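In the numbering used here, the protein residues as written are 1400 to 1525.
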């Protein structure tokens, strides 16, 4: 006899089936300027203006301009960058869990190319 049948005979409510909760991909907001590609990072701030690290983009002064090309604050566009992996896993590892897919690919294949050249350079030794 099934457990659900026994429990329903005893007056217990039937147990709902447990399905795994769908995981969501992590998203990292970024604010970039279309013209020159400058990306404002609240972690760095802007030492030239000076804007202290930790200052959010909305809290920047109205007369703040892009440090690269001098464009006004209103020309910046907010985008969402999808980070490779799940949002729950962003705190683990050596910082690579918060990288985008393109950043991870560049790191992996760049290091492969570097070590390939390094090993080939070993043949040049006497």
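From the three backbone atoms N, C-alpha and C, an ideal C-beta is built for every residue, glycine too. Please read all numbers here as calculations on a predicted model, not as lab measurements.
CB of residue i within 8 Å of CB of residue j, strictly
i	j	result
residue 1466	residue 1445	yes
residue 1474	residue 1432	yes
residue 1521	residue 1470	no
Endpoints, alpha helix (DSSP H) assigned at residue i
i	result
residue 1500	1500-1520
Residue i CB to nearest heavy atom of the ligand FMN below 7 Å
i	result
residue 1460	As presented, the structure is devoid of all ligands, the ligand FMN included, so that no description of it is given.
Close-in-space but distant-in-sequence residues of the same chain around residue i (CB under 8 Å, 5 per side omitted)
i	result
residue 1463	1445, 1448, 1450, 1472
residue 1453	1441, 1442, 1444
As assigned by DSSP and simplified to three states, the class of residue i
i	result
residue 1477	strand
residue 1464	strand
6 Å CB neighbourhood of residue i in its chain, flanking five on each side removed
i	result
residue 1505	none
residue 1437	1465, 1467
residue 1457	none
residue 1455	1441
Opposing strand residues paired with residue i [DSSP bridges]
i	result
residue 1448	For residue 1448, which the question treats as bridged, DSSP gives no partner whatsoever.
residue 1432	1475
residue 1438	1431
Cutoff 7 Å; reference residue i; Cβ partners in own chain excluding five residues on either side
i	result
residue 1400	In this prediction, residue 1400 scores a pLDDT of 48, lower than 50, which makes its location untrustworthy; the coordinate-derived value is nonetheless stated afterwards. None.
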